[in-house]
Structures are given as C-alpha cells and as structure tokens.
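Here's the structure, in structure tokens; my notes come after.
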Amino acid sequence: MAGIITIDKEKCTRCGTCAKVCPSCILEMDTEGPVCINDLSCMSCGHCVAVCPTGALDNSRCPKAEMNPITRPMLDPDTALEFLRQRRSIRNFRDELVPEEKIRQLLEAARFAPTAANSQGMYYLVIQDRDLIKKITDCVADWMQEQIDNKSPQKRYFIKVLHVYRERGIDIIGRNARQLIFVLARRLNVTGPSNSEQSLAYAELYAPTLGLGTTIMGFIETCLRADYAPLRELLQIPTKQVGVGCLLVGYPRYRYHKLVDRQHLKVEFR
Numbered sequence: 411m412a413g414i415i416t417i418d419k420e421k422c423t424r425c426g427t428c429a430k431v432c433p434s435c436i437l438e439m440d441t442e443g444p445v446c447i448n449d450l451s452c453m454s455c456g457h458c459v460a461v462c463p464t465g466a467l468d469n470s471r472c473p474k475a476e477m478n479p480i481t482r483p484m485l486d487p488d489t490a491l492e493f494l495r496q497r498r499s500i501r502n503f504r505d506e507l508v509p510e511e512k513i514r515q516l517l518e519a520a521r522f523a524p525t526a527a528n529s530q531g532m533y534y535l536v537i538q539d540r541d542l543i544k545k546i547t548d549c550v551a552d553w554m555q556e557q558i559d560n561k562s563p564q565k566r567y568f569i570k571v572l573h574v575y576r577e578r579g580i581d582i583i584g585r586n587a588r589q590l591i592f593v594l595a596r597r598l599n600v601t602g603p604s605n606s607e608q609s610l611a612y613a614e615l616y617a618p619t620l621g622l623g624t625t626i627m628g629f630i631e632t633c634l635r636a637d638y639a640p641l642r643e644l645l646q647i648p649t650k651q652v653g654v655g656c657l658l659v660g661y662p663r664y665r666y667h668k669l670v671d672r673q674h675l676k677v678e679f680r
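One point on numbering: in our numbering, the residue at position 46 of the sequence shown is 456, and numbering is uninterrupted.
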C-alpha cells in the first residue's frame with residue numbers, strides 16, 4: 411500500500427532537507443531518499459513539499475499541485491514595519507454593509523494564519539442582522555451585571571462600562587456594529603483561543619488592503635470565552651464548539667494620517 415509521500419527519484423538529490431524541517435520527525439533518509447515512517451503522525455503542514463529545492467517530493471496530505479510558487483520578493487524591513495504600524499483599531503464606520511464576497515476574501519487571508527500543530531479547524535460566523543447584534547450586546551451587558559453581582563475582580567471596570575452603555579446610551583460594547591465576525595473552534599482543541607487570535611491578527615492586517623477597518627471586540631469576546639449560555643443560545647453555537655473570537659468589520663468613516671508611537675520596548679536577554 412502506497413504511503414503519503416512520493417518521490418521523483420530522478421529529481422531527488424538526497425539532500426535531506428525535507429527530513430530536517432519535518433516538525434513531526436516522521437521522515438528519515440535512506441539510500442534512495444526520504445521515507446515516511448509514520449503516515450498517521452503527519453500534520454499536513456506542507457513543509458516537506460514546500461522546502462524541496464528540486465520539486466522531487468509530493469505529499470498526498472498537502473499536494474504539490476495545490477501549492478503556489480513564491481514569486482514576489484520579501485518586503486524590505488522598513489516597508490514591512492510601516493505596513494504593520496498602519497493598522498489601527500477602527501471604531502467609527504460608514505453605515506454600509508461589506509459585501510459577502512469581500513468578507514470571504516478577508517477570511518481567506520485569515521485561514522492562512524498559523525495554528526498550533528497545524529490544527530486549523532477555525533469556523534467563522536458572520537452576523538449582520540442589526541436586531542441580533544443588539545441582542546448580543548445586551549446579552550454581554552447582562553453577563554457583566556452578573557459578574558458585578560458575583561463580585562468579580564473586574565467588578566469596578568464593568569460598572570463603568572455599564573454606566574456608559576445603559577445610562578449614557580453609548581454602545582461601548584458593540585460600537586454600533588453592522589457586521590460582527592465570530593470565530594468558533596472545536597471544544598476539545600485547547601489551542602482554539604490562540605489559533606483564533608492568530609487568525610484575527612491576519613484578518614486585521616489584511617483588511618486595510620481591501621479598504622476595510624476592524625477591531626477586536628474585547629467585551630463580547632470575553633463573554634464568549636466564558637461560555638455564557640445565553641450568548642451561546644443567541645449565536646446557536648453547537649455543543650461541540652466554543653466561541654473563541656469576535657471581530658468588528660466595516661468601511662472606516664475616517665482616515666488616519668500619522669503612525670502612532672507606543673511604549674518603549676521592554677526586553678531582557680538571558
């Protein structure tokens with residue numbers, strides 16, 4: 411029975427690079443080239459195929475035919491840093507829905523974010539019904555009130571938030587969102603939250619190239635990760651999944667003209 415790895419022996423130089431980069435350590439070199447010693451442990455990351463300098467190796471879990479060659483040079487450091495610094499958390503948007511096609515384009519970029527052991531498995535839920543979004547923010551406010559009543563360590567902070575939301579009538583929880591993107595992960599995947607953070611980071615960085623703005627919805631996300639039952643019911647989250655992330659997306663109302671500085675770097679080498 412054929413394994414997941416196939417080798418073009420005429421192209422293989424037996425350099426061993428594929429075996430060296432395999433994170434699962436399942437490739438070993440013999441006289442004819444690399445051999446997979448445990449197909450089941452392959453995490454389908456594609457390292458072995460992507461690194462082969464002669465294109466001699468293929469992997470049925472991540473086929474060479476589905477990969478694209480790298481054709482553009484890497485950004486120079488100054489350009490890359492300016493690109494990263496241009497990202498802003500956007501909380502003021504035009505009253506205009508982002509088309510489904512553009513949301514899909516945004517999430518296509520997000521799905522390429524790194525995940526622990528290449529676990530992937532992110533599921534995205536886009537909410538654009540205004541009545542439902544209002545129910546979501548009210549639900550989060552109810553959760554905050556429960557935290558206050560139960561003397562949560564965040565009690566004083568939540569009191570301030572609810573004063574703004576309920577007494578002043580300012581939507582500090584949902585930021586008058588037209589569209590919210592929720593990220594769900596398998597309940598048994600303990601790295602779901604960190605996978606979500608990486609995924610949404612990619613989305614945030616890619617969004618400006620599509621003319622979009624984003625911000626992480628911290629209050630909603632905190633309630634979501636607390637697995638608050640009323641919020642689960644509103645979102646109809648399946649039992650085997652958990653909510654791990656929430657992103658606000660839309661067309662920015664204002665344009666920023668400066669790169670803002672941040673706290674000085676704090677680092678220690680040992």
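Glycine included, each C-beta is placed from N, C-alpha and C at the ideal position.
Cβ separation of residue i and residue j, assumed to be a contact under 8 Å, to the nearest whole Å
i: residue 621; j: residue 567; result: 34 Å between Cβ atoms; not a contact.
i: residue 569; j: residue 575; result: The pair is not a contact, with the Cβ atoms about 11 Å apart (cut-off 8 Å).
i: residue 458; j: residue 432; result: 6 Å
i: residue 675; j: residue 549; result: Contact doesn't hold; Cβ gap of about 39 Å is too wide.
i: residue 658; j: residue 625; result: 5 Å
Same chain, Cβ closer than 7 Å to residue i, five either side skipped, listed in chain order
i: residue 436; result: 446, 447, 448, 451, 452
i: residue 596; result: 531, 602, 650, 651
i: residue 454; result: 471, 472, 528
i: residue 468; result: 416, 459, 474
i: residue 612; result: 519, 520, 522, 523
i: residue 414; result: 446, 449, 452, 469, 470, 471
i: residue 543; result: 537, 584, 587, 590
Straight-line Cα distance separating residue j from residue i
i: residue 373; j: residue 631; result: As shown, the chain starts at 411 and ends at 680. That puts residue 373 outside it, with no answer to give.
i: residue 600; j: residue 648; result: 17 Å
i: residue 440; j: residue 427; result: 13 Å
i: residue 434; j: residue 484; result: 27 Å
i: residue 634; j: residue 628; result: 10 Å
i: residue 673; j: residue 507; result: 35 Å
i: residue 481; j: residue 429; result: 25 Å
i: residue 565; j: residue 546; result: 20 Å
i: residue 618; j: residue 539; result: 24 Å
i: residue 577; j: residue 488; result: 46 Å
i: residue 490; j: residue 496; result: 10 Å
i: residue 462; j: residue 572; result: 56 Å
i: residue 479; j: residue 585; result: 41 Å
i: residue 510; j: residue 608; result: 22 Å
i: residue 636; j: residue 541; result: 23 Å
i: residue 551; j: residue 525; result: 31 Å
Three-state secondary structure (DSSP) of residue i
i: residue 511; result: helix
i: residue 534; result: strand
i: residue 609; result: helix
i: residue 469; result: strand
i: residue 632; result: helix
i: residue 503; result: strand
i: residue 432; result: coil
i: residue 547; result: helix
i: residue 487; result: helix
i: residue 458; result: helix
i: residue 625; result: strand
i: residue 520; result: helix
i: residue 620; result: helix
i: residue 477; result: coil
i: residue 604; result: helix
i: residue 528; result: helix
i: residue 669; result: coil
i: residue 583; result: coil
Close beta carbons around residue i, own chain, < 6 Å, minus the five adjacent residues each side
i: residue 666; result: 498
i: residue 411; result: Only weak support is given to the placement of residue 411: the predicted model assigns it a pLDDT of 43, under 50, and the value that follows is read from those uncertain coordinates. Hits under 6 Å: none found.
i: residue 663; result: 502, 503, 504
i: residue 444; result: 428, 429, 437
Where the alpha helix (DSSP H) containing residue i begins and where it ends
i: residue 656; result: First-last for residue 656: 651-660, but that is the beta strand (DSSP E), not the alpha helix (DSSP H).
i: residue 639; result: 639-645
i: residue 426; result: Note, residue 426: premise wrong, no alpha helix (DSSP H); not H, not E.
Start-to-end residues for the beta strand (DSSP E) that takes in residue i
i: residue 440; result: 437-440
i: residue 595; result: 590-596
i: residue 569; result: Note, residue 569: premise wrong, no beta strand (DSSP E); alpha helix (DSSP H) at 565-572.
i: residue 443; result: 443-446
i: residue 416; result: 415-417
Residues near residue i in its chain [Cβ-Cβ closer than 8 Å; skip 5 each side]
i: residue 465; result: 418, 421, 474
i: residue 425; result: 463
Interface flag, residue i vs chain C, CB-CB below 8 Å
i: residue 453; result: The structure shown contains no chain C; it holds only a single protein chain.
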